[in-house]
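Each protein sequence line maps, in turn, to chains A and B. Numbered by the working numbering, the letters in the first sequence go through residues -10 to 239 in order. Numbered by the working numbering, the letters in the second sequence go through residues 572 to 876 in order. All C-beta atoms in this analysis are idealised placements derived from N, C-alpha and C, irrespective of residue type, glycine included.
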Amino acid sequence: MSEAYLKAIELHKDFGHVQALRGVSVAAYEGEVLAIVGDNGAGKSTLIKILSGVLRPDQGKIKVGDQEYTGLTTRGAIEAGVSTVYQDLALGNTMDVTSNLFLGNEHSRFGFLKKKAMNKKAEELLRNLDIRIPDVTIPVGNLSGGQRQGVAVARLVNRGGKVFIFDEPTAAMGLNETNAVLKLIRRLASDGYVVIVISHNMPQVFDISDRICIMRQGRVIGEMKTCETTMDEVVSMITGAKEKQGQAGA
Amino acid sequence: MIFLITILVVLIMVLSIASPFFLSWKNCRNILNQSAIYLVLSVGMTFVICMGEIDLSVGAIIGFSGMIMGMLCVAGVPSLAAALLGLAVSALIGVVNGALVAYGKISSFIVTLASMTVLRGVILVWTNSKPIYGFSDIFTFLGSGKIGPINVPIVLSLLIAVIGAVILHKTVLGNYCLFCGTSALALNRSGVDVKKLKIVIYAICGLCAGIAGMIVTARLNSAEPLAGQGYEMDAIAAAVLGGTSMQGGKGNVAGTVVACLILNILKNGLVLLSVSSHYQEVLTGVILVIAVLISESNRRKRSEV
């Protein structure tokens, strides 16, 4: 496997009395889905917030491509190509698909929107990602959960994202929608993007990921190929019943 | 929108049957002339409501901008310069409103309620509750002059409606304004400066109120201390009747224009039919509630509480 595209190196983060991260190192590769699992309070959210620039680490570094950062801002993360798909998706429900797709990156001349060109580009973008939305001029609020996730992802792809972080992508979704989202995640990886998924849903993690990274109490306690482990093993590591040797943070 | 146009057409048909004067050119022009102030005000209000905020200070800005223009005119400042300065002050009041909402993070209802009372108070103090009057012909032309057969306020108001529609529906700024109403968070995460946006939109609303103030003052040839009092409610009514959602994120200028016409035609028709103008206020309220009940019926079915 080639050099990791995204690397978190020895990240530490304290919130006063809570040590959320105690030296976390994670590597994510192009064309691969990395699942990060762990119980509540394991530090997954903190790690994601650091990678997406919402929080600054107390110690440690983040490497994206050839660049090294001691901390990112939300803007800086976007510019570095690290895109986070939040649970709330950050969509405007009353606005049409095209407006949502190009938000912050509108095609315009002298401040006037080029709506036709944008609609056409939107259709093309969605088609390339295999996201089925029949009409890009309808409000996003009328779409299904899976389609909405698709719009959020397409927006990040259009913005030049290289790394996609999904935080509980299928929470509160129906069966069909979940399948559509999982397909999209696989699709992104096969297109050569770096994909990181945070999930509590073990069958799903085993279904889509190439590697699993297990966090517990602010540390990475295991990192393995999905095909070389079992659900029981991962669950016992999450709960602390078993710690795998040879691979740990700090 | 179809619903609004239907109301408008039915209203026009009923009134033209009830009164032979209703469809005369003179009366039509009169209606448009009367609507001009409300139209300008409501276009600005549409922007603010689309953004998910409210501006209660527009009525007071009418009075304030009129006073500024009146004082400058009387002091010998050239009419056009006085008008432009008055408009600049109005936009500046909008900037202050917007800054308090964006940076102070105070609810826009509170901010503009406060600026409304402050402005009205300042007007009464500075003018000693007396009107300022006696302006040059150039200034009064803005309110009672004619371009060909059409009154200047009609031209001004239609121009502003068109510009407003273009900005709201065709530009990046308008798109952000609507987006801010539906999800300010999404806008912020996309790297758009939401705070600056709020200031710009409030400035637009303030400017519109200033233009309305200019028309009122020039038409009466007098800056009345109480000019514009209560007009904010008419502007909100017109915007909401026109399909702008108080939740923000949804609205259109064309709807506001039609709603404005409906409310003013109603007023005019009742006068022609010698019905007391008090009934017009009753009817306005009733129409507003019925129209929103009908247009929001889908949302009502979906919402739990």
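**DSSP three-state assignment for N722/B, whether helix, strand or coil** = Indexing the second sequence from 1 puts residue 722/B at position 151. Of the three classes helix, strand and coil, the one that applies to N722/B here is strand, per DSSP.
**Request:** Taking only beta-carbon positions, decide if R64/A is within less than 8 Å of chain B.
**Result:** The residue given as residue 64/A occupies position 75 in the first sequence. So yes, R64/A belongs to the interface.
**Message:** Please report the straight-line C-alpha distance between N839/B and E68/A, rounded to a whole angstrom.
**Reply:** Locating residue 839/B in the second sequence gives position 268, where the first residue counts as 1. Locating residue 68/A in the first sequence gives position 79, where the first residue counts as 1. Approximately 58 Å, taken between the alpha carbons.
**Boundaries (first-last residue) of the alpha helix (DSSP H) holding S587/B** = Sequence index remark: in the second sequence, residue 587/B carries index 16 (1-based). It spans 573 to 589 - the alpha helix (DSSP H) in which S587/B sits, taken as one unbroken run.
**Message:** Going by DSSP in three states, Y(-6)/A sits in which element: helix, strand or coil?
**Reply:** As a working note, residue -6/A is residue 5 in the first sequence. If DSSP states are grouped into helix, strand and coil, Y(-6)/A belongs with coil.
**Asked** Exposed or buried, which one is T577/B when buried takes at least 16 other CB atoms within 10 Å?
**Response** Sequence index remark: in the second sequence, residue 577/B carries index 6 (1-based). Flag for T577/B reads exposed.
**Message:** Which same chain residues end up closer than 6 Å to V783/B when comparing Cβ atoms and leaving out the 5 residues on each side of it in sequence?
**Reply:** In the second sequence, the residue the question calls residue 783/B occupies position 212. Reading off the sequence shown, one finds Ala at residue 783/B, where the question assumed Val. For A783/B, where only same-chain residues beyond five positions count, the Cβ hits under 6 Å are I608, V611, L612, I633.
**Message:** Can you look up H849/B in the DSSP assignment and give me helix, strand or coil?
**Reply:** Sequence index remark: in the second sequence, residue 849/B carries index 278 (1-based). Correct three-state label for H849/B: helix.
**Item:** Contacts around G240/A, its chain only, beta-carbon distance under 6 Å, and the 5 residues preceding and following it disregarded
**Value:** Lying outside -10 to 239, the shown extent of chain A, residue 240/A is not represented and no answer is given.
**Three-way DSSP call (helix, strand, coil) for D77/A in this model** = Position 88 of the first sequence, counted from the start, is the residue given in the question as residue 77/A. Three-state result, D77/A: coil.
**Request:** Might you give, ordered along the chain, the residues of its own chain that have their beta carbon closer than 7 Å to the beta carbon of V619/B, omitting 5 neighbours on each side?
**Result:** Residue mapping note: residue 619/B aligns to position 48 of the second sequence, counting from 1. Closer than 7 Å at the Cβ level, and outside the excluded window around V619/B, lie I625, D626, I772, Y773, C776.
**Asked** Of all the residues that make up the stretch 72 to 91 of chain A, which are near chain B by a beta-carbon distance shorter than 7 Å?
**Response** A79, L80, G81, N82, T83, M84, S88
**Request:** Take A169/A and list the residues in its own chain whose beta-carbon comes closer than 6 Å to its own, dropping the five residues that flank it on each side.
**Result:** Within the first sequence, numbered from 1, the residue matching residue 169/A stands at position 180. These residues qualify, in order along the chain: G135.
**Request:** Pull up the distance between the alpha-carbon of T617/B and that of Q56/A, whole angstroms please.
**Result:** To locate residue 617/B, count along the second sequence from 1; it is residue 46. To locate residue 56/A, count along the first sequence from 1; it is residue 67. Rounded to the nearest angstrom, the two C-alpha atoms are 46 Å apart.
**Prompt:** Do you know offhand how far L812/B's Cα is from T688/B's?
**Reply:** Sequence index remark: in the second sequence, residue 812/B carries index 241 (1-based). Sequence index remark: in the second sequence, residue 688/B carries index 117 (1-based). L812/B and T688/B: Cα-Cα distance of roughly 26 Å.
**Prompt:** At which residues does the alpha helix (DSSP H) containing Q605/B begin and terminate?
**Reply:** Walking along the second sequence from the start, residue 605/B turns up at place 34. First-last of the alpha helix (DSSP H) with Q605/B: 596 to 621.
**Item:** Closest residue to K2/A among G149/A, E157/A, G30/A, E113/A (Cα-Cα distance)
**Value:** Position 13 of the first sequence, counted from the first residue, corresponds to residue 2/A. Among G149/A, E157/A, G30/A, E113/A, the Cα nearest to that of K2/A is on G30/A.
**Asked** For the stretch 94 to 108 of chain A, which residues have a CB atom closer than 7 Å to at least one CB atom of chain B, in sequence order?
**Response** E95, S97, G100, F101, L102
**Cα-Cα separation between V614/B and K105/A, rounded to whole angstroms** = Taking the first residue of the second sequence as position 1, residue 614/B is located at position 43. Taking the first residue of the first sequence as position 1, residue 105/A is located at position 116. Each residue's alpha carbon lies about 26 Å from the other.
**Item:** Spatially closest choice to I833/B from A862/B, I694/B, H849/B, Y704/B, by CA coordinates
**Value:** Translated into positions along the second sequence, residue 833/B becomes position 262. Minimum Cα distance to I833/B is reached at A862/B.
**Asked** Which runs of the beta strand (DSSP E), 3 residues or longer, sit entirely within the stretch 202 to 229 of chain A?
**Response** 208 to 214
**Prompt:** According to DSSP, is Y58/A helix, strand or coil?
**Reply:** Translated into the one-based positions of the first sequence, residue 58/A becomes position 69. Three-state result, Y58/A: strand.
**Prompt:** So with Cβ pairs under 8 Å, would you call A239/A a contact of chain B?
**Reply:** In the first sequence, residue 239/A corresponds to position 250, counting from 1. Below a pLDDT of 50, predicted positions are generally treated as unreliable, and A239/A, at 38, falls in that range; the measurement from the model is reported next regardless. False, the Cβ-Cβ gap to chain B never drops below 8 Å.
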